Structure formats: structure tokens, C-alpha cells
Amino acid sequence: MPELPEVETTLQGIRPHLEGRVLRGVDVREARLRWPVSEALYALKDCPVLGLKRRAKYLLIQLAEGQLLIHLGMSGTLRVVEAGTPLRKHDHVDLRLDDGKVLRFNDPRRFGTVLFQAGAADHPLLEKLGPEPLGDDFTGERLFDRSRGRKVAVKSFIMDNATVVGVGNIYAQESLFLAGIHPSRAAGRVSRERYDRLAEAIKAVLAKAIEAGGTTLRDFTRADGQPGYFAQSLRVYGRAGQPCIQCKTVLKADRHGQRSTSYCPQCQR
DNA sequence: CACCTTTCCTGGTGGC
DNA sequence: TGCCACCAGGAAAGGT
């Protein structure tokens, strides 16, 4: 599952292949993604690529005509291949470049998106996004201010993209453990001091994950076995029923908005 | 084979 | 009563 670190890694991986190139055209084999692939993409022809950016989990490819938005959803991947490379199952969209290479979007579950926003304005999907977790405008103070009076579980609160972007299920659980906060606690009933700790925990976990090259949990659990960053660092995620690494209390499992949550009932209050 | 995954949207509710 | 903010739940699809 691509979390923010994986998206960042993908961006860095494709950037050298796209910067300075010209987008010759777009081939769409399957337009039924999370939203239909933007019709306007079909008409794009010979567009110089001006730059690449990441915003939350969106990859943005900037053209003079507008902006391409790519979201990997749950199962999306981007690869740079030579033109003519045989198609695999679920290879839905190709961006053809002027050097004979192709940026190929593959997504079995089709929760991803490939959209186009004409002109200079931001796409509506980007308008309501909160700050980047690693930016200076994401602070404990902001979490505190925005949470007053809110009854929603603090875990759901920090996973809300309007609060801060890019905090997925794994990072939310790990950050709450590091900060010693019970995931079910009402967001409005967490003190300023504890939100300071939580903001720092979120930054630390994400920064380390990006540093590790965005390797995901599932990659570690696959058979090739190389123990990586998360395998060693995960303190609560997926460990319900096992002892807390700090106090040996058996970790509990809970559920917030359809998502599983593990936590230590002793260390997290 | 039911479950699990992300994100946005919808509909219901409660407060003012 | 009317409106808005808030929050829970639903939907998409396929691999495991």
C-alpha cells in the first residue's frame, strides 16, 4: 500500500525520466478508475513537462496547459519502461515521452486516479488539504486549536486530510503509541503538551520511513526476508495480542471508522 | 471466500 | 425551525 513515503519515493524515482522531456501523448486502456480518467488527457499532445511535485499522496506533473494528478490509491504503481514493452495485467494508462520511454500506470484495484486540471488553478481535490506533516506549519499548536470541542477519536482526527495529510493507518497507530495517547480518546480532550508530543512523533515516524526509501510493511513480510526499517520499528501496528515492548501488557485491538487499531491500554491513556 | 485496504461523499444528528 | 458542523458508514475492486 503506497503511503506518503512510498509516494515520495516514486516521485524521486520518476523525476529524472520526466524533467526536461516532452509528453507526446496519453494512451488510456481502462478509464474506470476511482474517477473516470479525465477526457482532456486524451487530447494532450507534445506538451513540455515543466516540473513534478508531490502534495499529500498526489503526484503532480506540471504542463503549460495544466496539471496532471496521479494518485496511487491502494494498489497503484508507476514504472518507466521502453515503448513497446509488453503490457501486464492492469496496465491502465501510458504517458508517452519524446525519448521513447513510457510512464506506465498499473492499478489492480483501480482506487487510483489519473486526472487533468486545465489552467493554473489547483484541482478541487487539493483545495481542502491540510498541511504537509513534515512542514513547519504542522505543529502541536495547530492540532490543539483545531481539535477543541471535537468528539471524534484522536486517531480518526489525525487521519483526516483536513487536519494533516499523509498520516495513514500505520503511522497513526505508531505515533499515538510514541506519544502515549489512547487512540479512542476524544480529540478535544487531549492537552496542548500531548499534542506537541504527537506532532513530533508523526514527523519522526514519517521522516524515518522516507529515509528508509518508503519500504512498506508488506514488503517486509514477504518471503525475501530482509529485515527493514519497519519490521524493527513497528511498536504496535499488527501486534494486537502480543506484549507491549515497554510494559509487557497485552496489546489490544480496536476499530476506528472501519480501520483496525492496536494499542497498549497501559501506556496509552 | 469473506475480509481488508483509501478516500471522498452522503445522510443523519445534535447544537445553537 | 433552519442551518451548519460534525461524525459514522458506504462505495469502489481484486488479491489473499
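Counting in full-length UniProt numbering, the first sequence runs from 1 upward without gaps.
Where is the CB? At the ideal position from N, CA and C, for every residue including glycine.
Quick caveat: nothing in here was measured; it's all calculated off a predicted structure.
Residue i (DSSP reduced to helix, strand or coil)
i           : result
residue 138 : coil
residue 130 : coil
residue 17  : helix
residue 253 : strand
residue 5   : helix
residue 95  : strand
residue 108 : coil
Limits of the alpha helix (DSSP H) - the one that residue i falls within
i           : result
residue 124 : 124-127
residue 175 : 169-179
residue 201 : 192-211
residue 156 : 154-159
Pairwise C-alpha distance: residue j and residue i
i           : j           : result
residue 269 : residue 185 : 8 Å
residue 110 : residue 247 : 42 Å
residue 141 : residue 76  : 35 Å
residue 266 : residue 168 : 23 Å
residue 91  : residue 196 : 43 Å
residue 227 : residue 233 : With a pLDDT of 42 at residue 227, under the threshold of 50, the modelled position of that residue is not reliable, and the figure given next carries that caveat. Answer to the nearest angstrom: the Cα atoms are 10 Å apart.
residue 32  : residue 69  : 15 Å
residue 86  : residue 139 : 47 Å
residue 245 : residue 124 : 43 Å
residue 183 : residue 54  : 28 Å
residue 114 : residue 193 : 41 Å
residue 263 : residue 209 : 20 Å
residue 51  : residue 14  : 11 Å
residue 313 : residue 116 : One cannot answer for residue 313 here, as it falls past the ends of the chain, which runs 1 to 269.
residue 147 : residue 67  : 33 Å
residue 297 : residue 46  : Outside the shown range of the chain (1 to 269) lies residue 297, about which nothing can therefore be said.
residue 74  : residue 106 : 11 Å
residue 37  : residue 243 : 46 Å
residue 258 : residue 24  : 42 Å
residue 177 : residue 48  : 46 Å
residue 128 : residue 160 : 11 Å
residue 43  : residue 12  : 27 Å
residue 143 : residue 212 : 27 Å
residue 199 : residue 158 : 10 Å
residue 18  : residue 6   : 18 Å
residue 173 : residue 166 : 13 Å
residue 93  : residue 112 : 11 Å
residue 156 : residue 145 : 16 Å
residue 104 : residue 30  : 12 Å
Residue i - partner residues in DSSP beta bridges
i           : result
residue 82  : 101
residue 115 : 69
residue 243 : 250
Terminal residues of the beta strand (DSSP E) in which residue i lies
i           : result
residue 184 : First-last for residue 184: undefined, no H or E at that position.
residue 261 : 259-263
heavy atom of the ligand NAD below 8 Å from residue i C-beta
i           : result
residue 144 : For the ligand NAD, the structure offers nothing, since it holds no ligand at all.
At 3 residues or longer, what runs of the beta strand (DSSP E) sit wholly inside the region 19-91? 22-28, 47-55, 58-63, 66-71 and 77-82
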